[in-house]
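Student: Before anything else, here's the structure in question.
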Amino acid sequence: MKDITFVTAAIDIGRAELSKDFARPFSFYTTQLQALCDIGMPLVVYGPADLGLDDRHNQIHVPLDLETLEKQPDFQQIQKIRNSKHWLEQASWLPSSPQARLPHYNPLVMAKMGWLAEEARRNRFGTSRFAWIDAGITHTVPLDLLTKAITSAELAPMLSRFLLLCFPYQPVHEVHGFERAAMERYAGGRPINWVARGGFFGGPEAFVVEANRLYQAMLSFTLHQKLMGTEESILTILGNLHPDIFETRFIGADGLIWPFFADIAARSGS
Numbered sequence: 001m002k003d004i005t006f007v008t009a010a011i012d013i014g015r016a017e018l019s020k021d022f023a024r025p026f027s028f029y030t031t032q033l034q035a036l037c038d039i040g041m042p043l044v045v046y047g048p049a050d051l052g053l054d055d056r057h058n059q060i061h062v063p064l065d066l067e068t069l070e071k072q073p074d075f076q077q078i079q080k081i082r083n084s085k086h087w088l089e090q091a092s093w094l095p096s097s098p099q100a101r102l103p104h105y106n107p108l109v110m111a112k113m114g115w116l117a118e119e120a121r122r123n124r125f126g127t128s129r130f131a132w133i134d135a136g137i138t139h140t141v142p143l144d145l146l147t148k149a150i151t152s153a154e155l156a157p158m159l160s161r162f163l164l165l166c167f168p169y170q171p172v173h174e175v176h177g178f179e180r181a182a183m184e185r186y187a188g189g190r191p192i193n194w195v196a197r198g199g200f201f202g203g204p205e206a207f208v209v210e211a212n213r214l215y216q217a218m219l220s221f222t223l224h225q226k227l228m229g230t231e232e233s234i235l236t237i238l239g240n241l242h243p244d245i246f247e248t249r250f251i252g253a254d255g256l257i258w259p260f261f262a263d264i265a266a267r268s269g270s
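FYI, the numbering for the sequence shown is 1 to 270, going by the working numbering.
Printed below as a string of structure tokens:
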């Protein structure tokens, strides 16, 4: 556990205002973030000053507000795409999705890689591995299971390259709003038959920094081609295109990542 720096973020982007299928109050995330903090691993939290987190020696709070998200280089391009008729008409569910309805949703999830790379460069806790972990991860991964996995010595060896957790999926037209044909084109012509998850990923500093370089280049390029999904769409392209950098491990067809942590916990024998 102490050889991995975990990075997460929590900020209110207005998700409580969405339709029932997508709505979540901000307390949904803050409650689970507190549980994550209680595990006791080295943790960097990006979020507003009023998150209410305790002052701990193994935890660093990095200020984050909506204005910071709005200063991202591609913020305006994201807004143009999410409001475009062509993009919205790709799928019936897309107009009511978070990436379509909320101006800060994609800027937030697309910033994960940059924040992880920044923490890998700074290495505030002197660890050899760095992992992004979603603040709301205990919604789908039981806390006791997550705790066993995170505190296990078996987790760090799984991050020998840049780990991507992936689930089998064959999209008909798009992945989170990103055109499938374009994804396959930028993935070197490889068919898209799996999708990388954005809830947990990471590796050693060198791999994180290189993965982020590739990610930022692909993200900016595709956004300016008026192509957009979420961070998972870009990670899926890169996982196909750069198997020397990205190590893919497969989870179940439902896309939930708890089986990965269950496997780690089982290996630890705890």
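Just so it is clear, CB atoms sit at the ideal spot from N, CA and C, and this is done for glycine as well.
1. Please tell me whether F130 and G229 are closer than 8 angstroms, where the distance is taken between their beta carbons.
2. With DSSP run on the structure shown, which of helix, strand or coil describes A9?
3. Whole alpha helix (DSSP H) runs in the region 46 to 119 with 4 or more residues, listed along the chain?
4. When you compare the region 66 to 76 with the region 125 to 145, are there three or more beta-carbon pairs, one atom per stretch, that lie closer than 8 angstroms?
5. Between which two residues does the beta strand (DSSP E) containing T248 stretch?
6. List the residues that DSSP assigns as beta-bridge partners of P168.
7. Whose C-alpha, out of H242, S160, F261, is nearest the C-alpha of I251?
8. Comparing alpha-carbon positions, which option in T127, R15, R185 lies nearest Q225?
9. Let's see if you can read the secondary structure: which residues bound the alpha helix (DSSP H) around R185?
10. Helix, strand or coil: which one does DSSP assign to F125?
11. Take V109 as the anchor and find which of D3, H173, Q216, D254 has the nearest alpha-carbon.
12. Helix, strand or coil for A149, going by three-state DSSP, please let me know.
13. Is F75 near L43, with beta carbons less than 8 angstroms apart?
14. Tell me the rounded alpha-carbon separation between A49 and L256.
15. By Cβ distance, which residues of its chain are closer than 6 angstroms to N106, with the 5 residues on each side in sequence left out?
16. What are the boundary residues of the alpha helix (DSSP H) that includes P243?
17. Measure from the alpha carbon of M41 to the alpha carbon of each residue in P191, T31, G126, then state which is nearest.
18. At the level of alpha carbons, what is the spacing between S233 and F178?
19. Taking all protein chains shown into account, decide if V172 is buried (16 or more other Cβ within 10 angstroms of its Cβ) or exposed.
20. Could you round the C-beta distance between L163 and E231 to whole angstroms and report it? I think they count as a contact, below 8 angstroms.
Tutor: Taking the structure as given:
1. Taking the first residue of the sequence shown as position 1, residue 130 is located at position 130. Taking the first residue of the sequence shown as position 1, residue 229 is located at position 229. Not closer than 8 angstroms, so no.
2. In the sequence shown, residue 9 corresponds to position 9, counting from 1. It is a strand residue.
3. 66 to 70, 75 to 82, 85 to 88, 98 to 101, 105 to 109
4. no
5. For the purposes of this step, residue 248 is taken as residue 248 along the sequence shown, with counting starting at 1. Looking at the DSSP string, the run of the beta strand (DSSP E) that includes T248 is 246 to 250.
6. Here residue 168 is taken as the residue at index 168 of the sequence shown, counted from 1. According to DSSP, which records beta bridges pairwise, P168 is partnered with W194.
7. Translated into the one-based positions of the sequence shown, residue 251 becomes position 251. The candidate whose alpha carbon is nearest that of I251 is F261.
8. Residue mapping note: residue 225 aligns to position 225 of the sequence shown, counting from 1. The candidate whose alpha carbon is nearest that of Q225 is R185.
9. Residue numbering aside, residue 185 sits at position 185 when the sequence shown is read from its first letter. Where R185 is concerned, the enclosing alpha helix (DSSP H) stretches over 180 to 186.
10. Locating residue 125 in the sequence shown gives position 125, counting from the first residue. Three-state result, F125: coil.
11. In the sequence shown, the residue the question calls residue 109 occupies position 109. Answer by Cα proximity: Q216.
12. One-based indexing of the sequence shown puts residue 149 at position 149. Of the three classes helix, strand and coil, the one that applies to A149 here is helix, per DSSP.
13. Along the sequence shown, one-based indexing puts residue 75 at 75. Along the sequence shown, one-based indexing puts residue 43 at 43. No, Cβ-Cβ distance for F75 and L43 is not below 8 angstroms.
14. Position 49 of the sequence shown, counting from 1, holds the residue named residue 49. Position 256 of the sequence shown, counting from 1, holds the residue named residue 256. For A49 and L256, the distance between alpha carbons rounds to 31 angstroms.
15. Residue 106 sits at position 106 when you count from the first residue of the sequence shown. Cβ within range, chain order: I78, Q99.
16. For the purposes of this step, residue 243 is taken as the residue at position 243 of the sequence shown. Taken as a continuous stretch (DSSP letters only), P243 belongs to no alpha helix (DSSP H), as it is neither H nor E.
17. Within the sequence shown, residue 41 is the residue found at index 41, counting from 1. Selected option, being the one with the closest Cα: G126.
18. For the purposes of this step, residue 233 is taken as the residue at position 233 of the sequence shown. For the purposes of this step, residue 178 is taken as the residue at position 178 of the sequence shown. So the alpha carbons of these two residues sit roughly 7 angstroms apart.
19. Here residue 172 corresponds to residue number 172 of the sequence shown, with the count starting at 1. V172 is exposed by the Cβ-count criterion.
20. Within the sequence shown, residue 163 is the residue found at index 163, counting from 1. Within the sequence shown, residue 231 is the residue found at index 231, counting from 1. Rounded, the Cβ-Cβ distance is 15 angstroms, inconsistent with contact.
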